[in-house]
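Below is one structure; the comments refer to it alone.
2 protein chains.
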Amino acid sequence: MPRVADHDQRRAQIARAFQRLLAADGFAAVSFSRVATGAGCSVGLIQHYFPDKDALLRFAYDDAVSRLGERVRVRVRNGEAARLPVAEVLLDSLVELLPLDAERDVEYRVRQGLQAQALHHPGLAEVARRAGRDLLGYVTAVIGDGVGRGEVDAGVDTGLAARVILATVQGLADQLVLSGADAFPARDALGQVVAAVFTGNRAVRDR
Amino acid sequence: MPRVADHDQRRAQIARAFQRLLAADGFAAVSFSRVATGAGCSVGLIQHYFPDKDALLRFAYDDAVSRLGERVRVRVRNGEAARLPVAEVLLDSLVELLPLDAERDVEYRVRQGLQAQALHHPGLAEVARRAGRDLLGYVTAVIGDGVGRGEVDAGVDTGLAARVILATVQGLADQLVLSGADAFPARDALGQVVAAVFTGNRAVRDR
DNA sequence: GTAGAAGCGATACGAGTATATGGTATCGGG
DNA sequence: CCCGATACCATATACTCGTATCGCTTCTAC
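From first to last, the protein sequence lines stand for chains D and A.
If you're matching positions, the first sequence starts at 1 in my numbering and goes up one per residue.
If you're matching positions, the second sequence starts at 1 in my numbering and goes up one per residue.
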């Protein structure tokens, strides 16, 4: 066997350079040569690990959403370990999606940029749909959990409520990047919507 | 004086071609030559009416949001003429923003595509901010109106409530284009959020 | 009429793109 | 030790892009 290299690590390195570039300068600024410069390698190396640009886009998108999902899962574990109310755990998880600090801002921009492309790009659309389904399923399950614990009225359509909450998160994120992270109390705003579903727990609603 | 032409009409014709192209094939597909083909003219003509690409982008963006604003204003006038509850008028107006039919889908994609570009484009960002401010001011005023009529609790922060509602609209729109216009009852979902603010009017909330 | 300005199109140019190709360096196994 | 498979790079190719420029046409004012 010949010379070896850690493919996963290389791909991640390239994808991160791609993400940095996308977040900083926008989708139009992403080219193989610029990604190569950012990753400290040659264009040829990128070609070596990604058959074409689509593959790079998909990988980078997937990498971003899976990292995000990981962060959310950690939040949930911590929240459950601390025996917090479901509403609070959910809110904390969702705040991960908002571009409130530098790291999350980069991630938001990556998701945003690639989701915009997904509208006209079947491969990316599939990644976007899957990510959306996962997140929707997760939030739906959490709300269902809230029903079980009496924090949510039994009559609510958990799926629709999850859609509304996720929509609000997404929209608030859009507003934040446009008007600045401290233009308005985004967490409070999101808290209102969550509280509107978790009517059984006034401690959260009245925060 | 030499030969005359209707500049506004020409610019609109070009901008519409631009918007069609953007909505159908995405921002990356928008080039002068394609816009010219779509508008049935030459590249030179576009250059004649727009000094550079930025000017075309800004004009097209502005055209899209002002047309949308006009549609919203008509909705409001009709709603007020029919003496509908404020919450209902607001909901009808906001549904204009959702890509529920072909025309609104095109408009949504234009706004979405250009807003995504605005993140890394000062000129477009200014248009986006202004459009956002206008819409936010409008919704805030409507909610304030609701307070005056007793449909909204006096204690609510009208500006923040407006932000939340607009965020939800935007996020629901994103979900709609990703999962199809009839994937879920978007109007009902939006109605829930509006009703959460307009607590004084159960007829709307319980619809 | 006709001068001349504006409308409008064709084309040229340089930069930048994704991808293809050929080559060199570097390591592991026999 | 050394063959060869693989990592990696430099450059070539065949585009497309935005923009600049030139030239023809068409109309109005005098």
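Here a beta-carbon is modelled for each residue, glycine too, at the ideal position from N, C-alpha and C.
If you're wondering where the values come from, they're calculated on a predicted model, not measured in any experiment.
Contacts that residue i makes with chain D (C-beta to C-beta distance below 7 Å)
i                      : result
residue 184 of chain A : 160, 163
residue 172 of chain A : 167
Classification of residue i by the beta-carbon crowding that lies within 10 angstroms, buried from 16 upward
i                      : result
residue 4 of chain D   : exposed
residue 93 of chain A  : buried
residue 82 of chain A  : exposed
residue 8 of chain D   : exposed
residue 150 of chain A : exposed
residue 174 of chain A : buried
residue 118 of chain A : buried
residue 169 of chain D : buried
residue 102 of chain A : exposed
residue 204 of chain D : At residue 204 of chain D the pLDDT is 43, less than 50, meaning the model places this residue with poor confidence and gives no usable figure here.
residue 80 of chain A  : exposed
residue 107 of chain D : buried
residue 163 of chain D : buried
residue 191 of chain D : buried
residue 24 of chain D  : exposed
residue 183 of chain A : exposed
residue 148 of chain D : exposed
residue 129 of chain A : exposed
residue 180 of chain D : exposed
residue 39 of chain A  : buried
residue 161 of chain A : buried
residue 196 of chain A : buried
residue 167 of chain D : buried
residue 116 of chain A : buried
residue 186 of chain A : buried
residue 141 of chain D : exposed
residue 189 of chain A : buried
residue 55 of chain A  : exposed
residue 18 of chain D  : buried
Chain D residues whose Cβ lies nearer than 8 Å to that of residue i
i                      : result
residue 129 of chain A : 178, 179
Closer than 8 Å at the beta carbon, the chain A residues around residue i
i                      : result
residue 132 of chain D : 175, 178, 179
Chain-ordered chain D contacts of residue i [CB-CB under 9 Å]
i                      : result
residue 193 of chain A : 164, 167, 168, 193, 196
Cross-chain neighbours of residue i in chain A, by beta carbon under 7 Å
i                      : result
residue 189 of chain D : 160, 163, 164
Next item on the list: Check whether the stretch 82-89 of chain A touches the stretch 97-105 of chain A, counting contact only when three or more Cβ pairs, one atom from each stretch, lie closer than 8 Å.
Entry: With a cut-off of 8 Å, the stretch 97-105 of chain A and the stretch 82-89 of chain A do not count as touching, because too few Cβ pairs lie within range.
### Task
Please determine if the stretch 121-129 of chain A and the stretch 33-44 of chain A are in contact, where contact requires at least 3 C-beta pairs separated by less than 8 Å.
By the Cβ test, the stretch 121-129 of chain A is not in contact with the stretch 33-44 of chain A, since fewer than three Cβ pairs between them sit closer than 8 Å.
query = So, do the stretch 102-119 of chain A and the stretch 49-63 of chain A have three or more beta carbon pairs nearer to each other than 8 Å?
reply = Output reads yes: the stretch 49-63 of chain A touches the stretch 102-119 of chain A.
Under 9 Å (Cβ pairs) to chain D, residues found in the stretch 96-129 of chain A = Of all residues in the stretch 96-129 of chain A, 109, 112, 113, 115, 116, 117, 118, 119, 120, 121, 125, 128, 129 have a Cβ within less than 9 Å of some Cβ in chain D.
| said: I'd like to know if the stretch 26-36 of chain D and the stretch 72-81 of chain D are in contact, where contact means that at least 3 CB-CB pairs between them fall below 8 Å. | reply: No, the stretch 26-36 of chain D does not touch the stretch 72-81 of chain D.
Near-chain A residues of the stretch 17-28 of chain D (beta-carbon distance less than 7 Å), N- to C-terminal order: For the stretch 17-28 of chain D, the residues whose beta carbon sits under 7 Å from a beta carbon of chain A are, in order, 25, 26.
Would the stretch 147-164 of chain D count as touching the stretch 126-144 of chain A if we require 3 or more Cβ pairs under 8 Å? Inter-segment contact for the stretch 147-164 of chain D and the stretch 126-144 of chain A is absent: fewer than three beta-carbon pairs are separated by less than 8 Å.
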